[in-house]
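Asks:
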Amino acid sequence: MKNANDLPSHDLSILRRLAERKAVLANSPANLERKAAWYALDEGLSTSRPMLLTELWDVADEVLPQSTLECADPDARDMERGLRGELFYIESIKDDHVIPSTWDVNWHVRTSDFGVHAEEHSTDNKGKKSAKKWIPALNNLQEDFAKLRPRTFSVDRNATMENLENAKSIFSGILDVRIRGGFWWTTGLTGASINLIGLDNLMLYMCMDPEGLHRLMAFLRDDQLAFIDFLEHEQLFSLNNEYDYIGSGSIGYTHALPRNGGPVSARDLWVLSESQETVGVGPDQFGEFVLPYQKAIVDRFGMCYYGCCEPLHLRMPLLKRELPNLKRVSVSPWADQEIMARECGTEFVFSRKPHPTLVSTNEFDEAAIRADLEKTLTIARGCRLEIVLKDIHTLDGKPERLARWVAIARDAIGRSWRR
């Protein structure tokens, strides 16, 4: 990140104008209402309403193509795109994203690999997502295990402080600039395991080499715990209890965190755990080979969001029993919503993920979208509900579809929702 003095004046002017729009929206009544609504959902208040979120990650090129950006400097263009993305949520999509009056800079933390490398191959799909194939790093778990090395970690404090001061110079008098951010998306472990041994072997070893698989999962657990210890010792954790991205799509607003005073520890934070890779594994095998290793990590944290794309309806009894800090659960397109509603009740937030193809196909079928939403609203009545439209790989070139989906959802909620 460059200092304001090192940016073209044209670029600096654009960034500051976008930041000014952000600051105004952050203090708007609508933004403050959304923030209060997130707290109400987290606390299970009778006044809470279903919350709606969409994600732009995989459709950013359709929503904010490079041709629409005005800054010339590469660093400034990245910042511009980030600011325009935040504004697009609030001004165009109008879902329940909350826009903060801050610009966040995270610590420069580096992690090594495990001493081995998976080989990845993908098809040429003109820059778009495509099928991939991994050649596992370990060909034989028994023979190759000794090749694994625990990761090492380091922090570049000078680079972090330089970025912090540069951001302050750009947004001076407009946005509060602070250190805040996370260091991983998930602590679920099974994603890392398939890079090492492959998806087929992850499941086959449950029968053919259970001792070896337990050894691998213990290695990955201990490595993640060592990373957490490093971050705590170096005082690099920052809170994620506000507009912060948590779980697989949710926002972290809660008054229940932090747990402690003083330096932020894992106990003060949300954590995501999931195991999408074991979608074809039964509850007993999940309970033996996955959950115990995840639990050792999740127990270090204050609150847990569990799940992503995997259906959890058969795993909920295990999760409820083993994870006392479980607070929100993912209800994927493949989950049995009726079972999930019974399991969640009012204790856990029912975090519904509609099927993203509803907004991706050539035909934008509003009747099908409404029917899908109304089904969830009927089944989840009495639950604490958030609906997160995510994993969208295309909008068929029509970014306005996201705003229309939100409008349909709000209309359906207005017609049928009651706690």
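Be aware that the sequence shown starts at 4, since it is given in the numbering used here, and climbs by one per residue.
For every residue, glycine included, the Cβ atom is placed at its ideal position computed from N, Cα and C.
(1) For VAL101, does the three-state DSSP call read helix, strand or coil?
(2) Quick one: grab the DSSP three-state call for ASP14.
(3) If the criterion is Cβ atoms closer than 8 Å, does the pair MET319 and GLU346 meet it?
(4) Just curious, the alpha helix (DSSP H) that ASP64 is in, first and last residue?
(5) Between VAL334 and chain D, is the shortest Cβ-Cβ distance under 8 Å, so that the two count as touching?
(6) When the Cα atoms are used, what is the spatial distance from ALA11 to ASN128?
(7) By the DSSP assignment, the beta strand (DSSP E) with ASP159 in it spans what residues?
(8) Can you tell me which residues form a DSSP beta bridge with THR114?
(9) Could you tell me the alpha carbon to alpha carbon distance between LEU90 and PRO261, rounded to whole angstroms?
(10) If you check the beta carbons only, do MET206 and VAL293 fall under 8 Å apart?
(11) Helix, strand or coil for TRP41? Go by DSSP, reduced to three states.
(12) On the CB-based measure, 16 or more other CB atoms within 10 Å of its CB, does LYS135 come out buried or exposed?
(13) Name, in chain order, the residues that DSSP records as bridge partners for PHE353.
(14) Note the first and the last residue of the continuous beta strand (DSSP E) segment covering ASP179.
(15) I'd like to check one pair, LEU275 with GLY255: are the Cβ atoms closer than 8 Å?
(16) Can you give me the Cβ contacts of CYS312 inside the same chain, cut-off strictly under 6 Å, excluding the 5 residues immediately before and after it?
(17) Closer than 6 Å by C-beta to LYS38: which residues in its own chain qualify, once you throw out the five before and the five after it? Chain order, please.
(18) Once you ignore the five residues that flank ALA7 on each side, which residues in its own chain have a CB closer than 6 Å to its CB?
(19) Between GLU389 and SER253, which are expected to be in contact by the criterion C-beta below 8 Å, what is the C-beta distance as a whole number of angstroms?
(20) State the DSSP-derived secondary structure class of THR397, mapped to helix, strand or coil.
(21) Select from LEU141, MET82, LEU380 and LYS25 the residue whose C-alpha is nearest the C-alpha of ILE416.
(22) Cα-Cα, which of ILE93, TRP41, ALA383 and LEU322 is closest to ARG421?
(23) Going by Cα to Cα distance, which pick from TYR42, THR57, GLY88 and LEU361 is closest to SER51?
(24) If you compare alpha carbons, which of ILE200, LEU48, LYS393 and ASP368 is closest to TYR248?
(25) Have a look at THR349 and LEU48 and give me their C-alpha separation to the nearest angstrom.
(26) Taking 7 Å as the cut-off, does the CB of ALA344 come closer than this to any heavy atom belonging to the ligand NAD?
(27) So LEU151 packs on PHE222, CB below 8 Å; how close in whole Å?
(28) Could you say which of LEU18, VAL362 and PRO53 lies nearest to SER354 if we only look at CA atoms?
(29) Just mark HIS396 as buried or exposed, buried being the case when its beta carbon has 16 or more other beta carbons within 10 Å.
(30) Can you tell which of HIS236, VAL180 and HIS258 has the C-alpha that lies nearest to the C-alpha of ASN244?
(31) Going by alpha carbons, who is nearest to GLU58 out of CYS386, PRO359 and ALA370?
(32) Tell me whether ARG113 is buried or exposed, calling it buried when 16 or more other Cβ atoms sit within 10 Å of its Cβ.
(33) What would DSSP say about THR381, mapped onto helix, strand or coil?
Replies: Straight from the coordinates:
(1) Within the sequence shown, residue 101 is the residue found at index 98, counting from 1. Reduced to three states, the DSSP call for VAL101 is coil.
(2) Here residue 14 refers to the residue found at position 11 when the sequence shown is read from its first residue. The answer is helix: DSSP assigns ASP14 an H, G or I state.
(3) In the sequence shown, the residue the question calls residue 319 occupies position 316. In the sequence shown, the residue the question calls residue 346 occupies position 343. With contacts defined as CB atoms closer than 8 Å, MET319 and GLU346 qualify as a contacting pair.
(4) Along the sequence shown, one-based indexing puts residue 64 at 61. Per DSSP, ASP64 belongs to the alpha helix (DSSP H) from 63 to 66.
(5) You won't find chain D in this structure, because it holds only one protein chain.
(6) Taking the sequence shown and counting its residues from 1, the one referred to as residue 11 is at position 8. Taking the sequence shown and counting its residues from 1, the one referred to as residue 128 is at position 125. Correcting the residue type first, residue 11 is Pro in the shown sequence and not Ala. Going by C-alpha positions, PRO11 is about 35 Å away from ASN128.
(7) As a working mapping, residue 159 is identified with position 156 in the sequence shown. 156 to 159 is the span of the beta strand (DSSP E), which, as asked, contains ASP159.
(8) For the purposes of this step, residue 114 is taken as residue 111 along the sequence shown, with counting starting at 1. DSSP lists PHE156 as partners of THR114.
(9) For the purposes of this step, residue 90 is taken as the residue at position 87 of the sequence shown. For the purposes of this step, residue 261 is taken as the residue at position 258 of the sequence shown. In a straight line, the C-alpha of LEU90 is about 28 Å away from that of PRO261.
(10) Within the sequence shown, the letter at position 203 stands for residue 206. Within the sequence shown, the letter at position 290 stands for residue 293. Cβ atoms of MET206 and VAL293: not closer than 8 Å.
(11) Position 38 of the sequence shown, counted from the first residue, corresponds to residue 41. DSSP places TRP41 in helix when its eight states are reduced to three.
(12) As a position in the sequence shown, residue 135 is number 132, starting the count at 1. Around the beta carbon of LYS135, a 10 Å sphere encloses fewer than 16 other beta carbons of the protein chains shown; the residue is thus reported as exposed.
(13) The residue you call residue 353 lines up with position 350 of the sequence shown. For PHE353, which the question treats as bridged, DSSP gives the partners VAL332 and LEU388.
(14) Start at 1 with the first residue of the sequence shown, and residue 179 comes out as number 176. From DSSP, the beta strand (DSSP E) with ASP179 extends over 179 to 182.
(15) Residue numbering aside, residue 255 sits at position 252 when the sequence shown is read from its first letter. Residue numbering aside, residue 275 sits at position 272 when the sequence shown is read from its first letter. No. Outside cutoff.
(16) Against the sequence shown, residue 312 aligns to sequence position 309. If we look at CYS312 and ignore the five residues flanking it on each side, its Cβ neighbours are GLN279 and SER335.
(17) Locating residue 38 in the sequence shown gives position 35, counting from the first residue. Excluding positions up to five away in sequence, the list reads VAL101.
(18) Locating residue 7 in the sequence shown gives position 4, counting from the first residue. Only LEU15, SER172 and ILE173 meet the Cβ criterion.
(19) Stepping through the sequence shown from its first residue, residue 389 is reached at position 386. Stepping through the sequence shown from its first residue, residue 253 is reached at position 250. About 6 Å separates the beta carbon of GLU389 from that of SER253, a gap short enough to meet the 8 Å contact definition.
(20) On the sequence shown, position 394 is the one that residue 397 refers to. Coil at THR397, not helix or strand.
(21) For this step, residue 416 is matched to residue 413 along the sequence shown. Closest in C-alpha terms to ILE416, from the list LEU141, MET82, LEU380 and LYS25, comes LEU380.
(22) Start at 1 with the first residue of the sequence shown, and residue 421 comes out as number 418. Ranking the options by Cα distance to ARG421, first place goes to ALA383.
(23) By one-based count along the sequence shown, residue 51 stands at place 48. That would be TYR42, whose Cα lies nearest to the Cα of SER51.
(24) Numbered from 1 along the sequence shown, position 245 holds the residue referred to as residue 248. When each option's Cα is compared against that of TYR248, the closest is LYS393.
(25) Mapped onto the sequence shown, residue 349 falls at position 346. Mapped onto the sequence shown, residue 48 falls at position 45. Rounded to the nearest whole angstrom, the CA to CA distance from THR349 to LEU48 is 10 Å.
(26) This structure lacks the ligand NAD, and indeed carries no ligand of any kind.
(27) Here residue 151 is taken as the residue at index 148 of the sequence shown, counted from 1. Here residue 222 is taken as the residue at index 219 of the sequence shown, counted from 1. The pair is a contact, with the Cβ atoms about 6 Å apart (cut-off 8 Å).
(28) For this step, residue 354 is matched to residue 351 along the sequence shown. The shortest CA-to-CA distance from SER354 to any of LEU18, VAL362 and PRO53 is the one to PRO53.
(29) For the purposes of this step, residue 396 is taken as the residue at position 393 of the sequence shown. Taking a 10 Å sphere around the C-beta of HIS396, we find fewer than 16 other C-beta atoms and assign the residue as exposed.
(30) As a position in the sequence shown, residue 244 is number 241, starting the count at 1. Looking from the CA of ASN244, the closest CA among HIS236, VAL180 and HIS258 belongs to HIS258.
(31) The residue you call residue 58 lines up with position 55 of the sequence shown. GLU58 has its Cα closest to that of PRO359, out of CYS386, PRO359 and ALA370.
(32) The count along the sequence shown starts at 1 and reaches residue 113 at position 110. When all chains shown are included, ARG113 counts as exposed.
(33) Residue mapping note: residue 381 aligns to position 378 of the sequence shown, counting from 1. Reduced to three states, the DSSP call for THR381 is helix.
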